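What follows is a single structure, written as structure tokens, with notes after it.
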Amino acid sequence: MSRIGKKPVDVPSGVTAAVDGQNVKVKGPKGELVHRVHDDVVVEFKDGKVSVQPRNETKQARAMWGMSRTMVSNLVEGVTKGFEKKLEISGVGYRASVQGKNLVLALGYSHDVVYPIPDGIQIATGKPTEITVTGVDRQRVGQVAAEIRDFRRPEPYKGKGVKYAGEFIFRKEGKKK
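Each residue of the sequence shown is one higher than the one before, starting from -4 at the first, in my numbering.
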């Protein structure tokens, strides 16, 4: 029995939610999101709450139950508050800047890495060594942050590279003489 799936998702004032078959559409002050839930799950909207129930008692339906409820919850949270990922750059000469619709990264390569900022995502660089990725879709914010991190992952000897804020890099000891 899913403990997460049993709990209905509250839709706050200022946010409109509509359920059309398996599609859940949520519109709020920050934007509009649509998600198609799995066919093994029944979604219904009533009394300002979105509730999710399994269609039958199979293992697959129970697995999709809690996940679908969390996806709907992320839609509501995204259009009200939005999501944010912070990245930190460490290394001599490593820096980031936003130029127009591109993120330009100097990461120790012979050339600058130019990353085009996708639609629906905002990237800000408060300091040259900090990147903030924000947006309404949690999956896209995480994906963009992961793609930026992949340009130069943190290495275990000196800790140089792009890492998530608060991420612990396990450090290794260097070669002995």
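No residue lacks a Cβ here, since even glycine has one placed at the ideal position from N, Cα and C.
Given the structure is predicted, the values throughout are model-derived calculations rather than measurements.
- Under the three-state reduction of DSSP, serine 85 is assigned to strand.
- Close CB contacts of glycine 103 within its chain, under the 8 angstroms cut and outside five residues either way in sequence, are with Gly86, Gly88, Tyr89, Arg147, Lys155 (chain order).
- For threonine 124 against isoleucine 84, the beta-carbon gap comes to about 5 angstroms, under 8 angstroms, which counts as contact.
- According to the DSSP assignment, aspartate 15 belongs to no alpha helix (DSSP H) but to the beta strand (DSSP E) extending over 11 to 15.
- Under DSSP, threonine 129 shares a beta bridge with Glu79, Gln117.
- Straight through space, the alpha carbons of aspartate 42 and proline 7 are spaced by roughly 11 angstroms.
- DSSP places leucine 102 in the coil class of the three-state scheme, outside both helix and strand.
- Going by C-alpha positions, valine 47 is about 22 angstroms away from valine 131.
- Within its own chain, the residues whose Cβ lies closer than 7 angstroms to the Cβ of valine 4, once the five positions on either side in sequence are excluded, are Lys44, Val45, Arg64, Val67, Ser68, Val71, listed in chain order.
- A distance of 8 angstroms or more separates the beta carbons of isoleucine 126 and isoleucine 112.
- Rounded to whole angstroms, glycine 16 and valine 38 show a C-alpha spacing of 8 angstroms.
- Beta-bridge annotation (DSSP): glycine 23 is paired with Gly26.
- Setting aside the 5 residues that flank it on each side, isoleucine 116 is surrounded in the same chain by Val128, Thr129, Gly130, Arg135, Val136, Val139, each with a C-beta closer than 8 angstroms to its C-beta; the list follows chain order.
- Apart from the 5 residues on each side of it in sequence, glutamate 27 sits with its Cβ closer than 8 angstroms to the Cβ of Lys20, Val21, Val74 in its chain, given in chain order.
- For the pair lysine 167 and proline 151, the CB atoms are nearer than the 8 angstroms cut-off.
- Here lysine 80 has Val128, Val136, Ala140 as same chain residues with Cβ atoms under 6 angstroms from its own Cβ, once five neighbours each way along the sequence are excluded.
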